[in-house]
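For reference, the structure discussed in these notes is given below.
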Amino acid sequence: MPPRIPAPQGLRSLALCIRPTPTPTPSLLPLVQTANISMKEKKRRMKQDPYGWAQAQQRKNAHLKRREEIDAERKTAYGDPVHGVTTPFVESFDTAGQEAFSPENSETGGEQHPLPTSPHIRNYLLSKEELDKAIEHSRRVTTPLTSAESATADPTTEEAELEEHTRKHAKAVEALQRITDLRNAGAKDRKHANIRRCIETFGRHVTDHTLENAAPPPGPGQEPQPKPVRAGPDTGSSEVQIAILTAKIRSLALALEGPKGHKDKNNKRSLRRLCHKRQRLLRYLERKERGSGRWQYLVQTLGLTPATYKDQISI
Numbered sequence: 004m005p006p007r008i009p010a011p012q013g014l015r016s017l018a019l020c021i022r023p024t025p026t027p028t029p030s031l032l033p034l035v036q037t038a039n040i041s042m043k044e045k046k047r048r049m050k051q052d053p054y055g056w057a058q059a060q061q062r063k064n065a066h067l068k069r070r071e072e073i074d075a076e077r078k079t080a081y082g083d084p085v086h087g088v089t090t091p092f093v094e095s096f097d098t099a100g101q102e103a104f105s106p107e108n109s110e111t112g113g114e115q116h117p118l119p120t121s122p123h124i125r126n127y128l129l130s131k132e133e134l135d136k137a138i139e140h141s142r143r144v145t146t147p148l149t150s151a152e153s154a155t156a157d158p159t160t161e162e163a164e165l166e167e168h169t170r171k172h173a174k175a176v177e178a179l180q181r182i183t184d185l186r187n188a189g190a191k192d193r194k195h196a197n198i199r200r201c202i203e204t205f206g207r208h209v210t211d212h213t214l215e216n217a218a219p220p221p222g223p224g225q226e227p228q229p230k231p232v233r234a235g236p237d238t239g240s241s242e243v244q245i246a247i248l249t250a251k252i253r254s255l256a257l258a259l260e261g262p263k264g265h266k267d268k269n270n271k272r273s274l275r276r277l278c279h280k281r282q283r284l285l286r287y288l289e290r291k292e293r294g295s296g297r298w299q300y301l302v303q304t305l306g307l308t309p310a311t312y313k314d315q316i317s318i
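When we follow the numbering used here, the leftmost residue of the sequence shown carries the number 4, and every step to the right adds one.
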């Protein structure tokens, strides 16, 4: 207990306490010098060298503007975790590859641009070649017999029958064209058509022959091994599954972006599951096929950015 010094009689209420002055504890952290200066220092520099201060402010503003441009470019290149960057091939999923040009109110500023098409794909899992063969077979079977093939010969009747057959056949062909046209199909039919397009575009039975350096190069000391010939179209490769998932994700995301999409909790959960499944496949494919022609072709065609497979996806 430190000693107390008694005060004079007139100052009984005053008592002095002598205690040692506390010494500050020395900080072990390194000294950090900041680049910011005080307002007083700014004003001093402005008065001392107005021209130099104006030049410094001009350089600073140019630097901030350039940094904003770089940040905007990085954000655009990073893309959206759901859509990535919309490409013409992804945009053609909306019509199943039946429209040659994009609509005027597209995502690219409203201007029309060409889209990849697949006119050979028809509805009900048919192809244009199969439909043409069926139409030709029906025309040949239903054609009336000529005078050389029938017992009676009546040129007037034969001509009338041929005209009636031609009219009915043209009407039937028009009906079949409308029935099998994907423009008149529903969402489920367009989904099946897009799956066929993804298999034809990204299947390894096609890319192994059309892409240069499709497979990744062998490691040091390894020799490329010949692979067995595929028995049919490739439907199970990672790139095919990723393309199919991208078509489903776009269809579901556009539906949720509607006026009442925020109330559809079930489809929102389904969209999240599809995005996470695509993310797992993309990470696997990047680890296995990074640097190959398949990976570059897949990323560029579908517009897949790092936001679709690198960071956590929260929708």
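Ideal Cβ positions, reconstructed from N, Cα and C, are used throughout, including at glycine.
Using a Cβ distance threshold of 8 Å, R199 and I124 count as a contacting pair. Beyond the five residues adjoining it in sequence on each side, T249 comes within less than 6 Å, by CB distance, of L305 in the same chain, given in chain order. Listed as beta-bridge partners of I182 by DSSP are no residues whatsoever.
Between V85 and I318 the beta-carbon gap is near 7 Å, inside 8 Å, which marks them as a contact. P53 places its beta carbon 8 Å or farther from that of F92. For E166, the closest C-alpha among the options Q60, H208, T145 is that of T145.
Apart from sequence neighbours up to five positions away, the residues of its chain that approach R186 with a beta-carbon distance below 6 Å are Q101, ordered along the chain. When C-alpha distances from P236 are compared across P227, L214, T204, Q228, the shortest belongs to T204.
Residue burial is scored here from C-beta neighbours: G206 has at least 16 other C-beta atoms within 10 angstroms and is therefore classed as buried. In this structure, L285 lies near T311, with their beta-carbon atoms less than 8 Å apart. With fewer than 16 other beta carbons inside 10 angstroms of its own, S41 counts as exposed. Inclusion of G294 and A217 in the CB contact set at 8 Å is not warranted, their separation being larger than that value.
Membership of N197 in the alpha helix (DSSP H) is indicated by the continuous run 190 to 205. For L301, same chain residues with a beta-carbon under 6 Å away, outside a window of 5 residues either side, are E242 in chain order. Here the C-alpha atom of K63 lies approximately 10 Å from the C-alpha atom of R70.
T169 is positioned such that its CB atom lies no closer than 8 Å to that of E161. One Cα belongs to D184, the other to E177, and the distance between them is close to 11 Å. Scanning its chain for C-beta atoms nearer than 8 Å, with the 5 sequence neighbours on each side dropped, one finds around L257 the residues D97, in chain order.
With at least 16 other beta carbons inside 10 angstroms of its own, G87 counts as buried.
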